[in-house]
Amino acid sequence: MASRCTVSMFTFQWPSALLLICLLIPISWLQHRARRERIIILRSMGAERKTHRPIQDGLRLIAWALIALAVARPGYAPYQEANSQTGRDVVFALDVSQSMLARDVSPNRLEVAKQGIRDALDQFSNERVALIVYAGTASILCPLTYDYDFVRYMLEQANPRTVDFGGTTLQSAIEKAVDQIFDPERDGVQDLVILSDGGDHGSRMERVETLLAESNTGLLIVGLGDPSNGSPILLPQEDGSLQTLEIDQETVLTKLEDALLRNLSATYPNAEYIAAETKPFHLGQVYNEYATEKSTLASKANSGKLIYQEAAIFFLIPGLICLLLAERWGLRRLGSSAIVLSLFFCGFPQSSVRAETALKALETDFEKATEFIQSEAYDEALEILNTTVGQNTSDLLSAEQMAASQLNRGLCLIGLSERQAEQSPIAALELAQKARLAFLQSKAYKQDFERAGLRIELSSTWIQELKGLIEEEGNQASDDSRQQSSEDGENESFEDYEDMYEEDYSEMSESMPDSSYNEGDLAAGSSMQPLPAPNYTIEDILLEEKGNLQFRQQKRANANAAKVEKDY
């Protein structure tokens, strides 16, 4: 938060640059000397015509002075900007258990909870925000920050696979917030906002209340779901369809189980429970009403940085005008200058026309690539899309167009990977990894691109299947090799083994010196081999690592799910 000063001042923020004005004296002397010598030479040649040199030299001196003043960064109307912003710390704890996928609210409980957090972020201005997701365990997606755009981006990544295993354990989320996010020096200005459908599976409420009381944390709980009628849990599948969750061939029905949430809000004095259920609500307004009378940690009035409004432009523009007039003084010179300026500005419409033509060509190519994808001609489509997202054309496309191009590139690579799966699983794996990288880049261009997010998950699953297939083939080949060796060994006698051993020992002892020499030659030769140039940029590596992280999270979730009796 910035507060205006009552006294208006004018200053130069880089006063050392004012020393450039001192150069006006030697520059003026040099101009005067050059002008005198020029006049002497002209008279010796019989020229009597007066020149405009005094006016031009004067304009140059004025331009120098004005530009020097601009370089010194003049500033006016200063104001104090606090080092730390006022406001409270808000940690959102989002329940991502599978029961949050129930559709008793539209589109489902999880998306309604996410939208509530987005509404709150739109209302915030000075609050620091963090994001925790929890089910059977808790995970910190975003620490305390003022960067709301980053919080929104991490919110898009939240899903039931984000945590290690399912269930609902509120205690794990509160322990994460108190132990790893909240600052003890800011006790009393920290709030925990929980969005859940209840149904806790093992939290110790005494421990929860103790943690909250020790940190003097405010608690706002929002209950989501129909408390009366159970709703089925619809799980997204690889093909984009939805499958109803069943246990022992019986459909699992879930409803809002808020008894524990209500009890917590009743026993903890600094808590409030909001039964949103299936009704629409605005979390930003709900939180503002909750925190209206709560304190904030304000900055000291005398602390912070003094900021000036920049005034360099008011000196720079007149200086450039004086410099242009000095160089183009006189009718002929001004006429030639007008021609140059007109040619310069005429170039803009032409460049605009060229850019528009190139953009239309790219749109035509994109339509061709789409037709190729629909006809499963993935090679032709991929060749076109590689050109579309190239370095020379990416500047012409918007973020949405680049996201769509990268998504279609990924679809082509996935299609080629599926074709190669039976013949060469290793080649198929490489194509699948490139496809996932394309989906990640698509998501980076457009963070709310749901299709790209779904394709990231599906491609990670496909990569896992290919790795399993490659591992099975490797194990099969190893078993066949051992079986063949065993069959060959049965046909050999003990004397054959003994003869072979003696022969190998003799050859090994005779070749020891030569082997050492060759090893040195090999080392020397290999040291002269140039290292291959990397094929990936740092951004590609980070995106690839992000995809691998999602895959590892999914693998851990599958491994730990068996330990949970009620994994939803």
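So the sequence shown is numbered by the working numbering: it starts at 20 and just counts up by one.
Heads up, the beta-carbon is just placed ideally off N, CA and C, and yes, glycines get one too.
Within 10 angstroms of the Cβ of residue i, are there 16 or more other Cβ atoms? Answer buried if so, exposed if not.
i	result
residue 260	exposed
residue 461	buried
residue 38	exposed
residue 83	buried
residue 33	exposed
residue 393	exposed
residue 136	buried
residue 465	buried
residue 48	exposed
residue 539	Note that residue 539 scores 42 on pLDDT, short of 50, meaning its location in the model is unreliable; the coordinates nonetheless yield the value given after this. Exposed, by the Cβ-count rule.
residue 451	buried
residue 231	buried
residue 268	exposed
residue 55	exposed
residue 171	buried
residue 147	buried
residue 247	exposed
residue 528	Per-residue confidence for residue 528 stands at a pLDDT of 44, beneath the threshold of 50, marking its modelled position as unreliable; the derived number appears in the next sentence. Looking at its Cβ environment, which holds fewer than 16 other Cβ atoms inside 10 Å, residue 528 is exposed.
So, using beta-carbon positions, are residue i and residue j closer together than 7 angstroms?
i	j	result
residue 209	residue 181	no
residue 403	residue 422	no
residue 239	residue 291	yes
residue 330	residue 95	yes
residue 124	residue 211	no
residue 140	residue 173	no
residue 257	residue 477	yes
residue 406	residue 424	no
residue 264	residue 249	no
residue 154	residue 252	no
residue 91	residue 157	no
residue 85	residue 333	no
For residue i, which of the options has the nearest alpha-carbon?
i	options	result
residue 119	243, 490, 481, 303	243
residue 591	201, 139, 288, 307	Limits of the chain in this structure are 20 at one end and 587 at the other, which puts residue 591 out of reach.
residue 459	451, 472, 467	472
residue 217	116, 126, 312	116
residue 196	53, 108, 64, 61	108
residue 213	192, 93, 233, 96	192
residue 178	149, 345, 127	127
residue 280	262, 188, 264	188
residue 339	78, 132, 64, 58	78
residue 396	485, 430, 440	430
residue 176	467, 494, 493	467
residue 299	251, 134, 173, 436	134
residue 454	419, 482, 121	482
residue 302	132, 341, 265	132
residue 484	457, 80, 493, 444	444
residue 143	106, 439, 341, 204	106
residue 343	76, 162, 275	76
residue 113	85, 161, 97	161
residue 166	145, 153, 152	145
residue 274	479, 266, 245	245
residue 74	347, 439, 385	347
residue 470	419, 446, 72, 382	419
residue 80	97, 345, 204, 52	345
At which residues does the beta strand (DSSP E) containing residue i begin and terminate?
i	result
residue 36	Per DSSP, residue 36 belongs to no beta strand (DSSP E) and is neither H nor E.
residue 263	261-263
residue 120	Element bounds for residue 120: n/a, residue is neither H nor E.
residue 281	No beta strand (DSSP E) contains residue 281, which is instead part of the alpha helix (DSSP H) from 278-286.
residue 200	That residue, residue 200, is in no beta strand (DSSP E); it is neither H nor E in DSSP.
residue 293	290-296
residue 239	237-243
Span of the alpha helix (DSSP H) holding residue i?
i	result
residue 138	128-142
residue 398	397-407
residue 165	Segment: none, residue 165 is in no alpha helix (DSSP H) and carries neither H nor E.
residue 434	418-439
residue 86	72-90
residue 337	332-346
residue 154	Where residue 154 is concerned, there is no enclosing alpha helix (DSSP H), given that its DSSP letter is neither H nor E.
residue 58	43-63
residue 460	444-464
residue 302	302-309
Just checking my contact of residue i with residue j at CB under 8 angstroms: how many whole Å lie between their CB atoms?
i	j	result
residue 489	residue 448	7 angstroms
residue 40	residue 87	5 angstroms
residue 93	residue 169	About 36 angstroms separates the two Cβ atoms, so there is no contact after all.
residue 234	residue 206	6 angstroms
residue 262	residue 227	Wrong, their Cβ atoms sit about 34 angstroms apart, outside the cutoff.
residue 457	residue 432	6 angstroms
residue 391	residue 400	4 angstroms
Determine whether the Cβ of residue i lies closer than 7 angstroms to any Cβ atom of chain C.
i	result
residue 422	Although the question refers to chain C, the structure presented lacks it and comprises just one protein chain.
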